[in-house]
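In my numbering, the protein residues as written are 3 to 329.
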């Protein structure tokens, strides 16, 4: 029911029309109509929800690396994960996750578009994985005077730099991720770095996806003892993914919700974390809905076939209706 308040403004619902206030304006709009989602729209929404949950886990895992992200990082990372899954090598909609995806779409994903790593740090890099699964990074030479775009208002005099490489393993089907290793390359202003190779010793499980980030941390030396203070902020905190390697023997998709108390579930330790991931639950619900839908369709088809047969036989009766055999 719509009512008029003491200022003469109409509020509420009258039939199919809704009256409401927005910024001192009386808004009149139609009542939203209910509609039945198609099977394809349900599949698509499920996959996008899975992508959103996956991207949230990736952002959480790399938070110690990027420190500060920009406001659009949520939608940007979700879109890139969604694109990776959509262009995957196996599985169909509702039956695929990041373990089926083309991870090349994640390479270069910036966590802070306000200070892109590709623009701030002019240092080439090449990421490789050997046959044993170890990752190594070839870093190009760097002249700090011309190869680093410093934060505004800071002179190079007392600045110190750290290039941080963080390697993380993800298993979305078993719902855990692990911080494997962090490697730092430190240097000061007015230095020139030669080409070098940074190697990681950790070998992740074959069922894990590996992702590697590179970030630039900037420190300002203050006081008589020149104590180094980190000055990264939301306006300046360059970090991006520079490598992603697909699992070579992915775990089976869970047939029930993952039980964190199960004996096979990894025990949470210092560098190993439970995800709180909902992607598997979304796929399980979609699978259940599709099975139920298929069952209902099968019953409907059988009913239609029987009605057609009865009509062809000229019996003159309808299913579900009482029929009298009295003359």
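Where is the CB? At the ideal position from N, CA and C, for every residue including glycine.
How close, in whole Å, do the beta carbons of residue i and residue j come, if the pair is a contact with beta carbons under 8 Å?
i, j, result
"residue 142", "residue 197", "6 Å"
"residue 200", "residue 187", "7 Å"
"residue 90", "residue 74", "So it is not a contact: roughly 25 Å between Cβ atoms."
"residue 206", "residue 135", "6 Å"
"residue 44", "residue 291", "7 Å"
"residue 144", "residue 218", "Not confirmed; about 11 Å, so no contact."
"residue 146", "residue 189", "7 Å"
"residue 179", "residue 113", "The Cβ separation is near 16 Å, so there is no contact."
Taking 8 Å as the cut-off, decide whether the C-beta atoms of residue i and residue j are in contact.
i, j, result
"residue 177", "residue 101", "no"
"residue 284", "residue 48", "yes"
"residue 140", "residue 167", "no"
"residue 181", "residue 170", "yes"
"residue 60", "residue 279", "no"
"residue 57", "residue 95", "no"
"residue 156", "residue 222", "yes"
"residue 289", "residue 55", "no"
"residue 209", "residue 161", "no"
"residue 244", "residue 129", "yes"
"residue 175", "residue 88", "no"
"residue 248", "residue 105", "yes"
"residue 92", "residue 85", "no"
"residue 183", "residue 202", "yes"
"residue 259", "residue 232", "no"
"residue 122", "residue 151", "yes"
"residue 125", "residue 149", "yes"
Give me the DSSP bridge partner(s) of residue i.
i, result
"residue 243", "215"
"residue 115", "Paired residues: none, contrary to the question."
"residue 195", "144"
"residue 230", "223"
"residue 259", "Answer is none; residue 259 lacks a bridge partner."
"residue 171", "180 and 212"
"residue 124", "According to DSSP, which records beta bridges pairwise, residue 124 is partnered with nothing at all."
"residue 63", "Residue 63 is not bridged to any residue."
"residue 16", "19"
"residue 162", "190 and 221"
"residue 44", "None, per the DSSP bridge assignment."
"residue 276", "178"
"residue 129", "139"
"residue 235", "238"
"residue 94", "According to DSSP, residue 94 bridges with nothing at all."
"residue 201", "138"
"residue 185", "167"
"residue 150", "123"
| query | For the stretch 233-240 against the stretch 112-132, are there 3 or more C-beta pairs whose distance is under 8 Å? | reply | Yes: at least three Cβ pairs fall under 8 Å.
**Asked** Would you say the stretch 60-74 touches the stretch 209-227, given that touching needs at least three Cβ pairs under 8 Å?
**Response** Yes: at least three Cβ pairs fall under 8 Å.
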